[in-house]
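Notes for the one structure printed next.
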Amino acid sequence: MAEAILEVRDLVKHFPVTRGVLFKSTVGQVRAVDGVSFDLLKGETLGVVGESGCGKSTLAQVLMRLEPPTSGAALFEGEDMFKMRGPALRRLRRNIQIVLQDPYTSLNPRMTVGDIIGEPFEIHPEVAPKGSRAQKVRELLDVVGLNPEHINRYPHQFSGGQRQRIGIARALALRPKVIVCDEPVSALDVSIQAQVMNLLGDLQTEFGLSYVFIAHDLSVVRHLSDRVAVMYLGKMVEIGTEEQIYEHPTHPYTQALLSAVPVPDPTMRGRRDVIRLTGDVPSPLNPPSGCRFRTRCWKAQDICATEVPALEVRVADHPSACHFAEERAVV
Ligand SMILES: Nc1ncnc2c1ncn2[C@@H]1O[C@H](COP(=O)(O)OP(=O)(O)OP(=O)(O)O)[C@@H](O)[C@H]1O
Ligand code: SF4
Ligand SMILES: [Mg+2]
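Each residue of the sequence shown is one higher than the one before, starting from 22 at the first, in the numbering used here.
Pasting the structure below:
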């Protein structure tokens, strides 16, 4: 098995909810990420999937060190990344980059693409000395399938898919080892999504990148992911290889998500197992006791309200956080 480049251990991120203006008092905690552990292996894509609000972006922000964790650890190449300072932190900032969902708001409209893609070189001049930057930016434009001649254009002169390519070029500028992709194709048309996904796949091979690839839909990550983790209300509920998750899902929530994936073949539609999730996702301010999924689970029993199910292997050779994990082929 490949070595882990990132080892995340019991990561917690709570946001305090405060009341009052002058005399603030904390009245609760949003448990956005609540004890998440996983490894990211060198060269792999780990898909991270879950409904809106389950903590995916918060996880990304903490891994980018844009938000401090409440507790827990993450080792980057064996070193605790939350303890890094000085040169080690600079190296880390080069090595982990992010691609965001919205290519409209994440690019400064008043900067040329050359300045946008070259901006990381201002902070890390050791990667590209001043005289070589324009050439480096042209190379990056070429690598992501854009015309290097367009280096002086502005973001509004590009289509949505092209803007996402600009975002990818910027993420690549410092030759990182890990890229966290936070819903990079969710804002794009379906036909453009496939092109951007293919580009990400090609770049991964070319540069030996490891990806944490966040999406809210299991169908988006399937093609690119080696492994997939499913999140619900700040916790990981199931993690496994692409085949284990799609062909042998064992957690009721994963099964429900799979059941919601559209089926392209019309002859299959009548025959598939449809699981309809009832109710809304509970608030992360006050998550249900025991198993957080129990308020929407058709299999819930008394133990589900009192005991938190550990994420461990019970059946089907991969971890699942359900007391009653069992295989159920959905698609
Ligand atoms: N800075 C913050 N302060 C307070 N609460 C926050 C903050 N950031 C996120 N949250 C809350 O944390 C929870 C998780 O949010 P997060 O953005 O991580 O979810 P997500 O899975 O990325 O959702 P989406 O699919 O909508 O992007 C939500 O309830 C959100 O309101
Ligand atoms: S532990 Fe209980 S409530 Fe949670 S998913 Fe399993 S059966 Fe459902
Ligand atoms: Mg998000």
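We treat Cβ as the ideally placed atom computed from N, Cα and C, and that holds for glycine.
- Message: Nearest by alpha-carbon distance to H244: which of V54, G68, V51, E259 is it?
- Response: G68
- Query: Between the beta-carbon of D82 and the beta-carbon of A208, is there less than 8 Å?
  - Reply: One point to set straight first is that residue 82 is Gln, not Asp, in the sequence displayed. No, the pair does not count as a contact, with Cβ atoms beyond the cut-off.
- C325 by DSSP, collapsed to three states: which one? helix
- Comparing alpha-carbon positions, which option in T275, G74, K320, G300 lies nearest A350? T275
- Query: Roughly how many whole angstroms lie between the Cα atoms of K34 and R86?
  - Reply: 12 Å
- Sort out for me which residues DSSP pairs Q50 with in a bridge. P37
- With Q118 as the anchor, note down where its beta strand (DSSP E) starts and where it stops. 117-120
- Select from G188, M257, D203, K256 the residue whose C-alpha is nearest the C-alpha of V242. D203
- Item | Own chain partners of G300 with C-beta closer than 8 Å, once the 5 adjacent residues on each side are dropped | T316, R317
- Query: Considering A215, what are the terminal residues of the alpha helix (DSSP H) in which it resides?
  - Reply: 211-228
- Where the alpha helix (DSSP H) containing L15 begins and where it ends: The structure shown does not extend to residue 15, since the chain is modelled only from 22 to 352, so the question has no answer here.
- Query: Taking the alpha helix (DSSP H) that R186 falls in, what are its first and last residues?
  - Reply: 181-193
- Task: Pick out whichever of G64, A346, V217 has its Cα sitting closest to the Cα of Q322.
- Result: A346
- Message: Below 8 Å on the Cβ atoms is my contact criterion, and I expect P340 with E259 to pass it. Report the Cβ-Cβ distance as a whole number of Å.
- Response: 7 Å
- Message: Following a CB-centred definition, is K320 positioned closer than 7 Å to any heavy atom of ligand 2?
- Response: yes
- Item | Whole beta strand (DSSP E) elements within the segment 93-149, 3-residue minimum | 117-120
- In this structure, does DSSP put I296 in helix, strand or coil? coil
- Item | E263 versus A277 - alpha carbon distance | 16 Å
- Would you say F228 reaches chain C, if we count a Cβ-Cβ gap shorter than 8 Å as a contact? Checking the listed chains, one finds no chain C in this structure; it contains a single protein chain.
- Message: Give me the residue from D136, V302, Y232 with the minimum Cα distance to K198.
- Response: Y232
- Whole-angstrom C-beta distance between R191 and I137, which should lie under 8 Å: 6 Å
- Message: Using a 10 Å radius around the Cβ and a threshold of 16 neighbouring Cβ atoms, would you call R313 buried or exposed?
- Response: buried
- Query: Does the beta-carbon distance from R159 to P169 come in below 8 Å?
  - Reply: yes
- K256 Cβ short of 7 Å to ligand 3 heavy atom set: no
- Where do the ends of the beta strand (DSSP E) carrying D203 lie? 199-203
- So does P340 have its beta carbon nearer than 7 Å to some heavy atom of ligand 2? no
- Item | Environment of A326 [buried if 16+ CB atoms lie within 10 Å] | exposed
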